[in-house]
Amino acid sequence: MILVGELSLWVALLMAAWGTTVAFAGGATGRTDLVRSAERATYAMFAFVLLAAIGLWVALLTSDFSFRFVASFTSANLPTVYKFTAFWAGQAGSLLLWALILTFYATIAVARSRRQDAAMRPYIIGTLCAITLFFVAVLCFGTNPYERLDWFPPDGSGLNPQLQNPGMAIHPPNLYLGYIATSIPFAYAVAALITRRLNSEWLSAVRRWALLSWFFLTVGIVLGMWWAYVELGWGGYWAWDPVENASFLPWLTNTAFLHSIMVQEKRGMLRKWNVTLVVASFLLAVLGTFITRSGVISSVHSFAQSSVGYWFGGFLLVAIAITVYLVATRLKDLQATARLESVVSREGSFLFNNLILVGIAFSILWGTLFPIISEAVRGEKITVGPPFFNHVNIPLGLALLALTGIGPLIAWRRASVANLRRQFTGPVLAGAAAGGLLFALGMRDIPALIAYTLGGFVLGTIVQEFAKGTGARRRMYGESLPRSFVRLIARNRRRYGGYIVHVGVVVIFAAFAGLAFKKENDVTLKTGETFATVDPYGHHWTFTSNGVSRFRMLNRDVTAVTLEARRDGKLAGLVHSEKRQHFDSRNVASFEPSTEVGLLYTPRQDVYVVLSGVADDGDSAVLRVTFNPLVIWVWLGGLIMAVGGLIVMWPQAERRRGQGGYRTVLAPEGEAVGAAEGARA
Amino acid sequence: MNPEERVPTAANLSLTRRRFFAVLGVGAASAALAHAGFAQQSVVDGFNGPMDMDRYRPVRLPARGTPPVLSAEQRDALEHRIHCQCGCTLDIYTCRTTDFSCTVSPRMHRDVVTLAGQGYDAQAILDAFTGVYGERVLMEPRKEGFNWAGYIMPFAALAAGAAAVAATLRRWGKTAAAVQAATPVQVDASPDELAKLDALVRRDDA
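Sequence order for the protein chains is A and B. The first sequence begins at 5 in this note's numbering and counts up by one. The second sequence begins at 81 in this note's numbering and counts up by one.
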């Protein structure tokens, strides 16, 4: 099976080269037989890449250390589940996973593209085959997972302990699913640009893929935050690390696109902008890979670096050159078919929402690349850490939060003063109440106060929208409140699913703002000693050490400490933190010691305990005890966003509703509220 | 082959001289940026590798007979502004309190404690560290000289974007007004019906 897998990779390379050639030739000459051949090549690509992946999995699970990849990232005593996930622990495996997902997506996209304009199909297929050709070529010539060693080592080097974590088992595949999904809209954009079929039709297919990308990026980013929080042990979940930033960039442009596409669908505007965002999302996904793989920028997440970064740099340049050329030569075809009637309109607010989202993306990209730019200009290496990103992005993030509440309150085309007053009164009062209450309770941190005030405003907007919708349904159909609520969402998943995503955004912003009140303590405790402190809410805590213990478990030596935590004298729980020293099957220590954080979750705050080390006498634990307010809400906010995203993506809603929008029914005043909401084309 | 089966051919890929140079310019700029990135690689490679415990350099200042001016909390806050040089991306407070294996951050911490104990303030300690390690020891660039580009550029780009959006809106507004004035629309509906339709359109804002 391993040999079949190895050979399959080369056959996949030939298939990708063939598919690329005949697809573009078929498009240029109009020969459908060539296009059909390219389509079959796409399916074959997936089959052969799948065989190649299965071959590597077999090699990993059978511990065939004759392969460099297997010997580098596994060991005989590695738990089986992590032998399986070691597939994406290294460069070659993660690129093979990338190729596998890409060809899987390509197969679905090509099969579905039969419904598309026949002129675009060859170029969609050709572009996807070309992207696959690049990835498989990197695998064959740059970093081959089937590279063999000259000798057969008795054991492998093992898997980095930080990757032996459930979060790390599922976080990278999710991120890859998100990154790679940007390839399909990119292929459609290239096809639409080449054929000059730049109406809104191609966008309907693209929107689903952009949503899919957004969904997986959201899940992947939040899982990555959780992994960093529980595994790295530095006490936070987001450090503005270059690799974190790289995953955030396409998420931002995807989010911008998912808003601006509505403007094109409804009003025929922002056509150039939408093409630009689709292309930018793909290029930023490739840039993220370039940053992760090349080692150009220092990162704690770069577990798989090598010279293939140069391949990605070259690919990025070619992709930029082609897309810039295509967009530049088709500007006339990208003219808007309608004009903005008023800045005070839904489309106007989306323009500003896009401006802020892309502004944040630019500021993050700029901050990530600034050390390189600075050294190139001044010859002085600098560090651009979290303080820089916080300075720049907190104001932009707050502006974005405000627009999250403002956008849904403004009507399409033009909003009257009376309409604005009616729409804004409730949400503004909700925001003011939230901010005023917190101020009265003693909160004085200005950014946090603004965040909670705006959060109240956005939640007020969402509650008002749901209340109006359910109220209208109850009046029109006589439904019960729960039934009308569920049906309201079910009948307009895109709109109300989007509002649920906004709820998740508010929850996450509220959790971020909570970090302003984080409190850290650095203590050393002997067995039986107690440390007393006060949390950000004013509660008195004591932590008593139950002593340091050492034991051997599976493939690691463990040094552990357990603290008895009491809040205001009452037992809150036991917090257990570990340092782990992994060893290989010859009992030789492998890798640096890793941390297992001790956590006490509550809705108000996490008690986060890290065993930093053991003092000289062997009985004293050196500890860092941190109160992290509202962290659990980051994970809940991410979950809410994912649920909202799933509701928006649910395919049935898409099939029911045509892209033409809604059928508006003239009805007597009073019955008309929400009538349009229920009607479907 | 049946002629009806033929796929329409690609659009004409005509290229004017201006477009050619525009594409060439973008390509050259991208290549220059990438070259700068690649040129960096040789410098940064070592920085990315496993922790380098030899990166520690003693930071010393002449002893002074003045009492400490920094409290323990202020000293911890200062350590959050100093980048550990072991090869990680953390500040020395976070690194030394969470990373069991790092020997650089505890030594840098001892330097901070010594200097604080000698009565030096936060700025003097930061200057001393910068003098030994260079500006990379700071968690964020100083707001001076070329570094201002780092701080200003995101907001400048945002302002430029806002200006571009405003200009586009103004142009669209004029065009819309001109089109509306030039082509009056005849609608077979009473004013009441139009008012109801208008109200529905405004509410149909999904």
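Yeah, the Cβ is synthetic: ideal placement off N, Cα and C, and Gly gets one too.
- The CB of residue 243 (chain A) comes closer than 7 angstroms to the CB of 169 in chain B, given here in chain order.
- Here residue 231 (chain A) is buried. Its C-beta has 16 or more other C-beta atoms within 10 Å.
- Between residue 390 (chain A) and residue 206 (chain A), the gap from beta carbon to beta carbon reaches 7 angstroms or more.
- Judged by DSSP in its simplified three-state form, residue 349 (chain A) adopts coil rather than helix or strand.
- Excluding sequence positions up to five before and after residue 52 (chain A), its CB lies within less than 7 angstroms of the CB of 12, 15, 16, 19, all in the same chain and listed in chain order.
- Straight-line measurement puts the Cα of residue 211 (chain A) at about 14 angstroms from the Cα of residue 203 (chain A).
- In terms of beta-carbon proximity, residue 526 (chain A) lines the interface with chain B, with at least one pair separated by less than 7 angstroms.
- Taking 7 angstroms as the cut-off, the beta carbon of residue 375 (chain A) is found closer than this to the beta carbon of residue 386 (chain A).
- Of the candidates A:267, A:249, A:339, A:339 places its Cα closest to the Cα of residue 200 (chain A).
- For residue 584 (chain A), the enclosing beta strand (DSSP E) starts and ends at 574-586.
- A straight line joining the alpha-carbon of residue 204 (chain B) with that of residue 169 (chain B) spans about 23 angstroms.
- Straight-line measurement puts the Cα of residue 221 (chain A) at about 21 angstroms from the Cα of residue 500 (chain A).
- Listed along chain A is no residue with a C-beta nearer than 7 angstroms to that of residue 206 (chain B); the closest approach is about 13 angstroms.
- In the structure shown, residue 616 (chain A) adopts extended strand secondary structure according to DSSP, grouped into three states.
- Following the DSSP letters along the chain, one finds residue 223 (chain B) in no beta strand (DSSP E), marked with neither H nor E.
- For residue 241 (chain B), the residues of chain A that pass the 8 angstroms Cβ criterion are 359, 362, 363, in the order they occur in the chain.
- Scanning chain A for C-beta atoms nearer than 8 angstroms to the C-beta of residue 245 (chain B) yields 355, 356, 359, reported in chain order.
- Neighbours of residue 347 (chain A) across chain B, judged by C-beta separation under 7 angstroms: 249.
- Residues of the stretch 361-386 of chain A with a C-beta atom less than 9 angstroms from some C-beta of chain B are 362, 363, 364, 366, 367, 368, 370, 371, 373, 374, 375, 376, 377, 378, 379, 380, 381, 382, 384, 385, 386, listed in chain order.
- When DSSP assignments are scanned along the stretch 236-274 of chain A, the uninterrupted stretches of alpha helix (DSSP H) that are 4 or more residues long and fall wholly within it turn out to be 246-271.
- Using a Cβ-Cβ distance cut-off of 8 angstroms, the stretch 583-595 of chain A and the stretch 476-493 of chain A are not in contact, since fewer than three pairs of beta carbons, one from each stretch, lie closer than that value.
- At least one CB atom of chain B sits nearer than 7 angstroms to the CB of residue 391 (chain A).
- If you draw a straight line from the Cα of residue 23 (chain A) to the Cα of residue 29 (chain A), it is about 10 angstroms long.
- By the beta-carbon neighbour count (other beta carbons within 10 angstroms, threshold 16), residue 112 (chain A) is exposed.
- Chain-order list of chain B residues neighbouring residue 602 (chain A): empty, with the shortest C-beta distance near 12 angstroms, by a criterion of under 8 angstroms.
- When DSSP states are grouped into helix, strand and coil, residue 131 (chain A) belongs to the helix group.
- For residue 336 (chain A), the closest of A:274, A:395, A:646 by C-alpha to C-alpha distance is A:274.
- Within the DSSP secondary-structure output, residue 161 (chain A) pairs in no beta bridge.
- In chain order, 238, 239 make up the part of chain A whose C-beta sits under 7 angstroms from the C-beta of residue 174 (chain B).
- In this structure, A:611 is the residue among A:38, A:611, A:545, A:63 with its C-alpha nearest to the C-alpha of residue 634 (chain A).
- Residue 583 (chain A) sits close to residue 615 (chain A), with the two beta carbons spaced by under 7 angstroms.
- Residue range 497-518 is occupied by the alpha helix (DSSP H) that includes residue 509 (chain A), with no beta strand (DSSP E) assigned at that position.
- Here residue 313 (chain A) carries a helix assignment [DSSP, helix/strand/coil].
- Contacts with chain B at 7 angstroms (Cβ-Cβ) do not include residue 624 (chain A).
- Residue 425 (chain A) counts as exposed, since fewer than 16 other beta carbons sit within 10 angstroms of its beta carbon.
- Nearest to residue 291 (chain A) by C-alpha distance, out of A:323, A:269, A:276, is A:323.
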